[in-house]
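Participant: The UniProt record's numbering applies: residue 1 is where the sequence shown begins, and numbers increase by one.
Where is the CB? At the ideal position from N, CA and C, for every residue including glycine.
Note that the coordinates shown come from a computational prediction; the quantities given were computed from them, not determined experimentally.
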Amino acid sequence: MRIAGDLDYETVDELVAAASQVLAQQSDLEELHLDFSELTFLDSAALSGLLLIHRRTSHSGIELRLDHRPPFLDRVLQVTGLFGHFVSSDSDVAAGDSALLGQVTTGETSVR
Numbered sequence: 001m002r003i004a005g006d007l008d009y010e011t012v013d014e015l016v017a018a019a020s021q022v023l024a025q026q027s028d029l030e031e032l033h034l035d036f037s038e039l040t041f042l043d044s045a046a047l048s049g050l051l052l053i054h055r056r057t058s059h060s061g062i063e064l065r066l067d068h069r070p071p072f073l074d075r076v077l078q079v080t081g082l083f084g085h086f087v088s089s090d091s092d093v094a095a096g097d098s099a100l101l102g103q104v105t106t107g108e109t110s111v112r
């Protein structure tokens with residue numbers, strides 16, 4: 001699923017509904033990919049929506065992947081303490097650490 005533009009209180013319900021529909025329709029799904037390459041903004045409602053999707057995928061045993069994250073998304077996840085909820089591999093942690101050091105990175109994240 002590709003997320004483009006602003007993800008905020010006005011749009012997050014669409015994302016949650018679309019993700020829920022995919023989860024309901026594809027019972028053999030192993031991974032749900034969210035592509036953030038075209039994300040321009042997100043707010044606290046978006047973070048709440050991502051956590052809700054994470055709970056639903058985790059409950060179903062599906063890996064949630066946040067792909068092509070822009071640096072500002074990693075930074076928001078780090079500042080809010082949510083980065084650890086969306087990171088499962090050493091390479092993802094390394095990408096987050098370099099972002100904390102002020103280096104521009106984008107990455108892919110997965111959660112189980």
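Which word fits Val79, buried or exposed, when buried means at least 16 other C-beta atoms lie within 10 angstroms of its C-beta?
Facilitator: exposed
Participant: Given a threshold of 16 other Cβ atoms within 10 Å of its Cβ, counted over all protein chains shown, does His54 qualify as buried or as exposed?
Facilitator: buried
Participant: Under the three-state reduction of DSSP, which class applies to Gly84: helix, strand or coil?
Facilitator: helix
Participant: Looking at Leu23: is its Cβ nearer than 8 Å to the Cβ of Leu34?
Facilitator: no
Participant: For the alpha helix (DSSP H) that contains Ile53, what are its first and last residues?
Facilitator: Ser44 to His59
Participant: For Gly61, tell me which candidate among Met1, Leu47 and Gln26 has the shortest Cα-Cα distance.
Facilitator: Comparing Cα positions, the closest option is Gln26.
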